[in-house]
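In order, the protein sequence lines correspond to chains U and L. Read in our numbering, the first sequence has 240 at position 227, and its numbers run on one by one without any break. Read in our numbering, the second sequence has 247 at position 244, and its numbers run on one by one without any break.
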Amino acid sequence: MTGYIIRRILWFIPTLFAVSIVSFAIIQLPPGDYLTVLEAQMGAEGDYSPEVVERLRERFGFDQPFLVQYGKWMWAMLAHGDLGYSFEWRVPVSSLIGEYMALTVAVTAATLIATWIVALPIGIYSAVRPYSVFDYVATVFGFIGKATPNFLLALILMWLAFVYWGADVSGLFSPEYKNAPWTWDKIVDLFKHLWLPLIVLGTSGAASLIRQMRANVLDELQKPYVEAARAQGLPEWRVILRYPVRVALNPFLSTIGTTIPELFSGAVTTAIVLNLPMAGPMLLRALTSQDMYLAGSFIFLLSVFTLIGTLISDILLTIVDPRIQFDEA
Amino acid sequence: MRITSLFSPSGVGMAVGLSALLLSSTAWSQTYSEAPELAEMVAAGSLPPVEERLPLEPRVVTPYNEIGTYGGTWRRAFKGPSDDRGPQKLMEPRIVRFVQTAPGEFGIEPAWASSYEINETSTEFTFHIREGLKWSDGHPVTTEDVLFYFEDVVGDDNPWPWPSLLKQGDERAVVMAVNAYTFTVSFSQPSPLFVTRLAREYVWMAKPAHYLKQFHPAYASAEELAAAAAEFEVAGWEDLWGRRGKAESYWVNPDVPTLSAWTITTPPPADQVVFERNPYFYAVDTEGNQLPYIDAITHDLFQDTETLNLWVAQGRIDLQQRHMGVGNFPFFKENEAAGDYEVKIWSGLEVDTLWPNQTTSDVVMAELFQQADFRQAINIAIDRDTINEIVFAGLATPMQAGPPEGSAIYNEELIGKWSEYDPEAANALLDGMGLTERDGDGYRLRPDGKTLEIVITSALFASDIDMLELVSEFWSDIGIKTSLDVVERTLYLDRVNANEVMMGHWPMGRAAFFLIDPGAYAATLADNSWATAWGEYHLDRGKDFAVAPPEGHILHDVWAKLDAASTAASQEEAIALGEEVLAIHAAEPNWVGVVGAAPNLFIRSNRVGNFPEGFIRDDITRDIGIIPTEQLYIKE
């Protein structure tokens, strides 16, 4: 097992290398660069000066070929842990994305956990009592939840909160805490704002999770080993939790790796609508302004998280289901 | 409602008269008052008394309505680094600035200068710095800071290029210090627009030498520069300078001394950017209270305009026009009570305009666009009233593109030309040009037998697209097919600059004073690209598609007149030449103006005092910065 994990981690290196080249190339695909964006902005403000732009072009090394720019970025990252420089914000990328990434990971993790806490019991109950009133309610909720786009749900909830409570539900912090250092009050304030993103981000995930869980458990309930467990006189809740549910969990564990990037990308539109200080909006803005090192670093870090997620899901799988063996060859 | 005072000789007289007024007003109130928090600091000994902080002759600002009270925070929102001009326009550290004393009554006043004089030939400009003026750290401002700016900040081996404002052709103006508080700017040829352009362009005339020298290679050693770069986390000392330079920019560095009413205390990339009062700001109100009244300004970062709209409705915005779309007028009105604010309207001077590129690479279309009959036909085929009602809630004015009423130089004929809806006459004009053949769908055929189709390239958003769709319906009625190509702003500019656009779509703006930025009329502004290849010929930037307009084309005349205006001996002469340029364009407009002078919506919280109503807003006159923001106050 340890050997397997080490090997998997070693595989990260070529994978990340490939991802970084692809993401850097994608960022460079649109015509122009950060400076053409800046030119447009300056033109709109009436202070365009070709000389300023030319000086910056040299300064930022945009006149160099793609591979040279990529090589410099990679080398700085490997040699000094330097993710490069955000042209737009004029700060090192590393000092810019720390908090955004932390909040993104926190919100994503919270969403994942909340989804499971809500969805698994409902899915199991629906399977154990199929075609009951509760099952129908859960089914209706599931389909609606799955069918409603996140951003629309976010807009509707924001609107309702505004009309009925006059409450400000956007963002993750109240204005007075935005620049405040981390205190207990700020954490409380964060939790006051966290419910909306959790609902918005979690609803469609929870909905599909309920449907899958219900189907999986229903399948397992028909199997002879369930009959055998019952025959041994185990209490019904133990029978269900210990056997069919455990087997039914397999697909979820194996999809953690893919769920994480899904949540990240789903969070982009939601975070923009809800004005969340998360990685998504920052990444989008970096892409539109062609702030390439910032965008590249975000994509790179998101890829790292995805790889780690996949690894965790594989490890969990072996723990939950001993039938799964790693190929030691 | 015309900006006459800007160009009239009284512009100079006014400046002088004003400083006389300042002298007498300082005589009235020898003692000054200050914000309570500053008074506390003075009492505690951490700040010199207000009399020592203010210059001998502070700038006296007359509040629009009443003397304000100190305190409060002005809450606004911004969209990120690309939006930095929004916050900056509230407090530009200008030597002279535009003022608007009543709607449309514009003028230019000395700001951190106490006065200025212009010689008779408009070649020499003498500025007097307010004696005793201080940077926001308390250090005196003298001509040393001016010379530092021109010797070490702008120029060939310096962080900034030499400003075009101080150049005539390749020849630079000469800046000389007369004494510690007086300096002159001299040109070899007349420069009648210099002061007006100075009130608008990003040329600051002084930088805090005592602070910035430590980051400049002429004063600091290589090791010191390297240490500074490391401290600011940038690659080299060059990155400390420039528009968003880590040391130089007052929008990025809380430590750099400024002459603004507020200084930044929490810079980006914070989620909320905060500015706080500059205790050394050089202005007082008419009762001798040091300005600004407002303690702090916050800008909350937002991603999506819908979020901002909700903030407005929740009363989280105190005073802001930027990002407030006209299309949201009903929503803003509905929520006035809930958000405890009012929507205040200023008039704008932009005209939503289509730009048929007479030099487009599609030769057949270029030939059609070059014919006045064709341009007239596509102009009068548009029902501008309908567009105004449907897209702009009836708030804009249907018109041809040109400086709207209220602009300094204005031609009534131009903005009225070809703007009456007359589809029959349009059809007749096209028939008269011989475009009578039609294809199977009823669209006219071009002389080369292809369907007559105009491709409109636009980089704008929802309401503009509604406008374009209506235009394409109207054109379809006269047998012209239209297709829309909506692209990102950068790509738009790229395509225009490569002469790849058949018809562009961008407002004609900067009209308050078109001579300051006359690119639309000279075909040299990418946004207003009605003859890209000819404009490039004049710009002479070496584009391979650049070509001279035909002999006798109006552009030759326009360019000659604009060049003459920029070196005219007097402002009157420049204005007269500007009027001639508009008259040339009024004969046969070269574009398709649709609607313009749309209102600009200000969200003004009921707790904000001294905000004037009904003014004219324009980028030239610095948007909201036209009002002295330091005299706004929070009623609490």
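All residues carry an ideal CB built from backbone N, CA and C; glycine is no exception.
Nonlocal neighbours in the same chain, by C-beta distance under 7 Å from residue i, ignoring five residues either side
{"i": "methionine 90 of chain U", "result": "Leu96"}
{"i": "isoleucine 418 of chain L", "result": "Met402, Gln403, Gly405, Pro407"}
{"i": "phenylalanine 164 of chain U", "result": "Thr282, Thr283, Val286"}
{"i": "methionine 470 of chain L", "result": "Asp355, Ile390, Val394, Val597"}
{"i": "arginine 319 of chain L", "result": "Arg78"}
{"i": "leucine 243 of chain L", "result": "Phe218, Ala231, Ala232, Phe235, Val237, Lys249, Ala250, Glu251"}
{"i": "asparagine 312 of chain L", "result": "Asn331, Phe334"}
Coil, strand or helix - residue i by DSSP
{"i": "arginine 625 of chain L", "result": "coil"}
{"i": "glutamine 275 of chain L", "result": "strand"}
{"i": "methionine 179 of chain L", "result": "strand"}
{"i": "phenylalanine 305 of chain L", "result": "coil"}
{"i": "aspartate 355 of chain L", "result": "strand"}
{"i": "asparagine 502 of chain L", "result": "coil"}
{"i": "leucine 168 of chain U", "result": "helix"}
{"i": "serine 350 of chain L", "result": "strand"}
{"i": "glycine 445 of chain L", "result": "coil"}
{"i": "glutamine 225 of chain U", "result": "helix"}
{"i": "lysine 199 of chain U", "result": "helix"}
{"i": "proline 401 of chain L", "result": "strand"}
{"i": "alanine 221 of chain L", "result": "coil"}
{"i": "histidine 213 of chain L", "result": "helix"}
Identity of the residue in the options nearest residue i by Cα
{"i": "asparagine 593 of chain L", "options": "L/Phe377, L/Tyr540, L/Glu554, L/Ile459", "result": "L/Phe377"}
{"i": "alanine 399 of chain L", "options": "L/Val156, L/Leu604, L/Gly522, L/Asn613", "result": "L/Leu604"}
{"i": "isoleucine 606 of chain L", "options": "L/Val329, L/Trp533, L/Ala380", "result": "L/Val329"}
{"i": "serine 573 of chain L", "options": "L/Gly107, L/Val178, L/Gln192, L/Glu134", "result": "L/Gln192"}
{"i": "glutamate 370 of chain L", "options": "L/Trp533, L/Asp488, L/Asp148", "result": "L/Trp533"}
{"i": "tyrosine 73 of chain L", "options": "L/Phe197, L/Thr187, L/Gly89, L/Pro282", "result": "L/Pro282"}
{"i": "glutamate 69 of chain L", "options": "L/Asp288, L/Ala384, L/Ile98", "result": "L/Asp288"}
{"i": "phenylalanine 75 of chain U", "options": "U/Thr331, U/Ile337, U/Tyr306, U/Leu214", "result": "U/Tyr306"}
{"i": "alanine 183 of chain L", "options": "L/Ile468, L/Phe516, L/Arg133", "result": "L/Arg133"}
{"i": "glutamine 103 of chain L", "options": "L/Glu639, L/Ile637, L/Gly617", "result": "L/Gly617"}
{"i": "histidine 588 of chain L", "options": "L/Glu416, L/Glu55, L/Phe109, L/Phe151", "result": "L/Glu416"}
{"i": "tyrosine 636 of chain L", "options": "L/Ser36, L/Gln275, L/Thr76", "result": "L/Thr76"}
{"i": "threonine 49 of chain U", "options": "U/Met87, U/Ile39, U/Arg70", "result": "U/Arg70"}
{"i": "alanine 567 of chain L", "options": "L/Pro552, L/Phe477, L/Glu583", "result": "L/Glu583"}
Residues bridged to residue i [DSSP beta-bridge criterion]
{"i": "serine 118 of chain L", "result": "L/His131"}
{"i": "tyrosine 344 of chain L", "result": "L/Ser608"}
{"i": "glutamate 108 of chain L", "result": "L/Ala105"}
{"i": "tryptophan 265 of chain L", "result": "L/Arg280"}
{"i": "proline 113 of chain L", "result": "L/Val99"}
{"i": "phenylalanine 186 of chain L", "result": "L/Phe130, L/Ala180"}
{"i": "lysine 564 of chain L", "result": "According to DSSP, which records beta bridges pairwise, lysine 564 of chain L is partnered with nothing at all."}
{"i": "threonine 104 of chain U", "result": "A small fix is needed here, since residue 104 of chain U is valine in this sequence, not threonine. Paired residue(s): U/Ser99."}
Contacting residues, own chain, Cβ-Cβ under 6 Å from residue i (five flanking each side not counted)
{"i": "arginine 21 of chain U", "result": "Leu324"}
{"i": "phenylalanine 37 of chain U", "result": "Tyr83, Gly309"}
{"i": "glutamate 101 of chain U", "result": "Ser302, Asp304"}
{"i": "lysine 159 of chain U", "result": "Ser217, Ala220, Ser221"}
{"i": "glycine 512 of chain L", "result": "Glu353"}
Residue span of the beta strand (DSSP E) that contains residue i, given as start and end
{"i": "serine 36 of chain U", "result": "Not the beta strand (DSSP E): serine 36 of chain U falls in the alpha helix (DSSP H), residues 15 to 41."}
{"i": "glycine 596 of chain L", "result": "595 to 599"}
{"i": "glutamate 392 of chain L", "result": "Taken as a continuous stretch (DSSP letters only), glutamate 392 of chain L belongs to no beta strand (DSSP E), being part of the alpha helix (DSSP H) at 387 to 395."}
{"i": "isoleucine 457 of chain L", "result": "456 to 461"}
{"i": "tryptophan 77 of chain L", "result": "76 to 81"}
{"i": "threonine 485 of chain L", "result": "484 to 489"}
Own chain residues within Cβ distance below 8 Å of residue i, not counting five before or after
{"i": "glutamine 541 of chain L", "result": "For the record, residue 541 of chain L in the displayed sequence is histidine; it is not glutamine. Result list for histidine 541 of chain L: Ala525, Ala526, Thr527, Leu558, Trp562, in chain order."}
{"i": "arginine 620 of chain L", "result": "Gln324, Trp349, Ser350, Gly351, Leu352, Asn603, Asp626, Ile627, Ile629"}
{"i": "leucine 24 of chain L", "result": "Caution is warranted here: a pLDDT of 38 is assigned to leucine 24 of chain L, below 50, making its placement in the model unreliable, and no coordinate value can be reported."}
First through last residue of the alpha helix (DSSP H) which encompasses residue i
{"i": "lysine 420 of chain L", "result": "Run containing lysine 420 of chain L: none; DSSP gives neither H nor E here."}
{"i": "arginine 259 of chain U", "result": "257 to 261"}
{"i": "alanine 193 of chain U", "result": "Careful: alanine 193 of chain U lies outside any alpha helix (DSSP H) and carries neither H nor E."}
{"i": "phenylalanine 73 of chain U", "result": "63 to 73"}
{"i": "valine 146 of chain U", "result": "146 to 160"}
{"i": "arginine 513 of chain L", "result": "Segment: none, arginine 513 of chain L is in no alpha helix (DSSP H) and carries neither H nor E."}
Amino acids of chain B, ordered along the chain, whose beta-carbon sits closer than 7 Å to that of residue i
{"i": "phenylalanine 305 of chain L", "result": "The structure shown has no chain B; the protein chains it does contain are U and L."}
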